[in-house]
Structure formats: structure tokens, C-alpha cells
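Engineer: Numbering (this note's numbering), first residue to last: 12 to 153.
Encoded structure:
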């Protein structure tokens, strides 16, 4: 009986383990990562802005892994005060509209059109469904 048990341990048990391991694989394809989370880095911005003045906002998108198929999008919503947000010298963004970003490092320009405090949020998303939110608040100097 002891000989049978030893033979089972040495030959049949490893064969069974390999068999069940192979059965547990649901596909022959290698697993490919399709989700690449990102982080946003923002340079400091002023706390105050005068009416009709412009503030530069520098943003960079950083990923722990490089992936050439990533596309980025931006949208914003202003909920206090009045102002415009634009990408370099392009037309100002419309609130809640989605715009493609052309680079991973870029500058936004916020122009105040108000003599009260102003607050808005910027959402940056990618084509994998990841999204990050940035909040900005400026006090009026007028």
C-alpha cells in the first residue's frame, strides 16, 4: 500500500495538477493589458485674477507605461463667475463639450470676465475610460 501511495505522489499527482492547470486556462491568447491609468501634473496657478486678465494653466499627462494608442480629451464646466477657457490660441471651449487634446503637455488659458470669485472644473479623459478631475478657483482682485 505504501508503494502505491508513493507512486501516486510522484507520478499521478503532478500529472493531475498539470491537467487541472491547463483546464483552468480559458483562452490560448496571452493576456494583454488594455487599461493604462494616468496622472495629471499641474503647475501652480495664481489665487487671484482681475477682470479681463488671463491666467496660464500648465498641465502634463503622465502614464507609468508608454502606450502610443492613447487619446486624450478635455471638457470643463464653470459653476461660479464668468470666464473663458481655451487651448493656446484656439477658440474658447464651450462648457461640457468634449475636445480632443493634441499633446500630453499643454497650456490652457483662463480669461476672467467677472468681478466676483470664479470656480470651474476640468475633466481630462482617455479612450480607455479613465478620467481625472481638476478644480480651479480664483478670487477677484477688482
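Think of the CB as a built atom: it goes at the ideal place given N, C-alpha and C, for glycine as much as any other residue.
Note that the structure is predicted; figures quoted are calculated from it, not measured.
Considering just the uninterrupted stretch of the beta strand (DSSP E) at residue 123, what are its terminal residues?
Structural biologist: The residue you call residue 123 lines up with position 112 of the chain shown. Note, residue 123: beta strand (DSSP E), 116-123.
Engineer: Please report the straight-line C-alpha distance between residue 105 and residue 87, rounded to a whole angstrom.
Structural biologist: Position 94 of the chain shown, counted from the first residue, corresponds to residue 105. Position 76 of the chain shown, counted from the first residue, corresponds to residue 87. Each residue's alpha carbon lies about 8 angstroms from the other.
Engineer: Quick one: is residue 72 near chain D, going by C-beta distance under 8 angstroms?
Structural biologist: Included in the structure is just one protein chain, with no chain D present.
Engineer: Would the region 61-76 count as touching the region 117-126 if we require 3 or more Cβ pairs under 8 angstroms?
Structural biologist: The answer is yes - the region 117-126 touches the region 61-76, with three or more Cβ pairs under 8 angstroms.
Engineer: Among 129, 102, 112 and 78, whose alpha-carbon lies nearest the alpha-carbon of residue 64?
Structural biologist: Within the chain shown, the letter at position 53 stands for residue 64. Comparing Cα positions, the closest option is 129.
Engineer: Who are the near neighbours of residue 148 in its chain, counting only those whose CB is closer than 6 angstroms to its CB and skipping five residues on each side?
Structural biologist: The sequence position of residue 148 within the chain shown is 137, counting from 1. Counting only Cβ-Cβ distances below 6 angstroms, and skipping sequence neighbours, we find 130.
Engineer: According to DSSP, is residue 76 part of a helix, a strand, or is it coil?
Structural biologist: Here residue 76 is taken as the residue at index 65 of the chain shown, counted from 1. Residue state, collapsed to three classes: coil.
Engineer: Quick one: give me the first and last residue of the beta strand (DSSP E) that residue 62 is part of.
Structural biologist: In the chain shown, residue 62 corresponds to position 51, counting from 1. Run containing residue 62: none; DSSP gives neither H nor E here.
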